[in-house]
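Read through the structure below, which is laid out as structure tokens, and then see the notes.
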């Protein structure tokens, strides 16, 4: 009886150890988001923003998300599968895009993300696909013309973004208000709860274009914001496929077409200086810049 009980106990402990260590219930495989795994799955899951025109915005009429970042995501799918439709677009925000890619819930994100040294410690980035700069959106006839005018003023940005961190550092006396989305900041600006909204110029420009009679972009570009595509740390196969996509977009002229379509302007004069810049170089330039 004692031996039988001992055998049962040993077997129970062995099973418990197996379960805890993952022998019978495997954890998410480390290569779930590798290029091979994505190809076997048949689609790639890419995070995009739904509230950042012209990079990504959801149309209430069609319930479709469109924009510059969305078309970059579709180009990645075309590179991998031969069809731009083999992409599952997942809504992300500034404060959840990195955790989602870290956890493997998405394969990558194309979501107005600046490449920084801090972020590169937690995820990998593609080469640079867009260069933005932080700016300010204010009401028409505002006395605010520069970030240097924000002492004692209310300024809104989105939680978890580099503009939030930058404006706190540059203007410690500003009253910084954060929300999860840009439309919430816009509502606060229109309602007089804040005096300005700050983020990347192209995002603010999209909102200015929607209401040019009441909103105005000011302050110029006072930071260098190199955008990269976020990928799970160590996922070299997917990173290479994404970088190959970016190289193809430039060579074919498709990038220039997308730039004109969504940003309503030709490629900037300094395009070749930053496009396809390695992520490590971009992060170093971001860290060592002196805001203008």
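Residue numbers (this note's numbering): 121 to 412. Glycine included, each C-beta is placed from N, C-alpha and C at the ideal position.
In the structure shown, residue 175 adopts coil according to DSSP, grouped into three states. Pairing residue 251 with residue 346, the inter-Cα distance amounts to about 5 Å.
Per the coordinates, the alpha-carbon of residue 349 lies some 5 Å from the alpha-carbon of residue 245.
For residue 336, the enclosing beta strand (DSSP E) covers residues 335-338.
Residue range 188-201 is occupied by the alpha helix (DSSP H) that includes residue 191.
Between residue 242 and residue 278 a beta carbon distance of about 19 Å is seen, past the 8 Å cut, so the two are scored as non-contacting. Apart from sequence neighbours up to five positions away, the residues of its chain that approach residue 192 with a beta-carbon distance below 6 Å are 230, ordered along the chain.
Per the coordinates, the alpha-carbon of residue 338 lies some 31 Å from the alpha-carbon of residue 370. The C-alpha of residue 162 lies about 10 Å from the C-alpha of residue 200. For residue 332 and residue 154, the gap between their C-alpha atoms comes out near 44 Å. DSSP, reduced to helix, strand and coil, places residue 270 outside both helices and strands of the structure shown, so it counts as coil. Only residues of its own chain outside the window of five on either side were considered, and among them 321, 341, 343, 345 have a CB closer than 6 Å to the CB of residue 253, listed in chain order.
Just so you know, the alpha carbons of residue 305 and residue 313 end up roughly 9 Å apart. DSSP lists 298 as the bridge partner or partners of residue 277.
For residue 250, the enclosing beta strand (DSSP E) stretches over residues 250-252. For residue 325 and residue 234, the gap between their C-alpha atoms comes out near 17 Å. Beta-bridge pairing by DSSP links residue 402 to no other residue. In the three-state reduction of the DSSP assignment, residue 391 falls in the helix class. Your pair residue 294 and residue 275 checks out as a contact, with CB atoms roughly 5 Å apart and the cut at 8 Å. Spanning the alpha carbons of residue 185 and residue 178 requires a straight line of approximately 4 Å. The C-beta distance from residue 281 to residue 214 rounds to 4 Å, short enough to fall under 8 Å.
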